[in-house]
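Under my numbering, think of the first position of the sequence shown as 287, with each following residue one higher.
Report on one structure; see the data block that follows.
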Amino acid sequence: MFDPAVEMEKVKVGITAPIISSKNYFADVEHYIPIDTLTEKALLAKQLDQLLVHGASTAKSQLIDKACTVQNCVVAEIDSLSSGSEVIYNVMLNLKAKLDSNEMPNNLDVVDLRHLVSTTSQLIGFDSHEKLFSYLQSVTGANLLGCIFLAHGDISLEMYTHPT
């Protein structure tokens with residue numbers, strides 16, 4: 287029904303996180319590089335458009351920034367307010383799945399993440415709208431710049447116009 291007029295090049299989204307906690311989540315994910323074994327050479331060889339990062343040390347962050355700047359790859363370091371990494375990994379998998387897919391509506395792109403990353407110092411992941419709404423209500427004085435909310439399942443507009 288809504289076929290693109292021009293064939294689009296597939297976006298390459300990579301994920302890196304500490305192997306000890308992430309290998310079960312990302313073992314079969316294309317372009318997964320365990321942060322423990324991440325090198326500048328490995329990053330440059332992947333030629334990624336987007337790299338989703340969690341758990342990088344200062345030294346690894348500098349290595350990632352250097353390699354990704356060379357190839358114009360967007361780096362998005364994602365954190366969570368919860369104590370475990372499961373929420374972050376779910377957010378990373380869902381973002382990658384959305385960016386990799388050709389499903390309609392095609393309303394999220396690397397450009398959107400590039401804009402968010404360039405305008406903020408922190409990306410926080412949530413795995414439920416209740417936690418997101420609670421957080422938004424608790425930070426009344428904060429300067430919040432944007433939000434990506436990937437909703438699926440039984441969704442209605444009323445759910446967003448009358449938060450509980």
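Cβ coordinates follow ideal geometry from the N, Cα and C atoms, glycine included.
Bear in mind that the values here come from a model prediction, so they are computed numbers and not experimental data.
Three-state class that DSSP yields for residue i in the structure shown
i: V425; result: coil
i: N263; result: Residue 263 lies beyond the range of the chain shown here (287 to 450); nothing can be said about it.
i: L430; result: coil
i: Q348; result: helix
i: A383; result: helix
i: A328; result: helix
i: L402; result: helix
i: L436; result: coil
i: C451; result: As displayed, the chain neither begins before 287 nor continues past 450, which places residue 451 out of reach and without an answer.
i: A353; result: helix
i: E295; result: coil
i: S343; result: coil
Beta bridge counterpart(s) of residue i as assigned by DSSP
i: G300; result: L337
i: I364; result: L409
i: Y318; result: I301
Whole-angstrom distance between residue j and residue i, CA atom to CA atom
i: A353; j: Y421; result: 34 angstroms
i: V361; j: T323; result: 18 angstroms
i: L430; j: L367; result: 15 angstroms
i: G370; j: Y311; result: 13 angstroms
i: A331; j: T325; result: 10 angstroms
i: A345; j: E444; result: 46 angstroms
Whether residue i touches residue j by CB criterion (9 angstroms)
i: V339; j: T302; result: yes
i: V396; j: V299; result: yes
i: L409; j: I364; result: yes
i: G474; j: N376; result: Outside the shown range of the chain, which is 287 to 450, sits residue 474, and nothing can be said about it.
i: L399; j: Q336; result: yes
i: V315; j: K382; result: yes
i: L394; j: C359; result: no
Of the listed residues the options, nearest to residue i (C-alpha basis)
i: A313; options: K327, L379 and E363; result: L379
i: P320; options: K296, E295 and I350; result: I350
i: K296; options: L436, N388 and L418; result: N388
i: K417; options: A428, F435 and R400; result: F435
i: V403; options: S424, H415 and C433; result: C433
i: D386; options: V425, H317, T406 and T426; result: H317
CB contact below 9 angstroms: residue i versus chain B
i: V373; result: Included in the structure is just one protein chain, with no chain B present.
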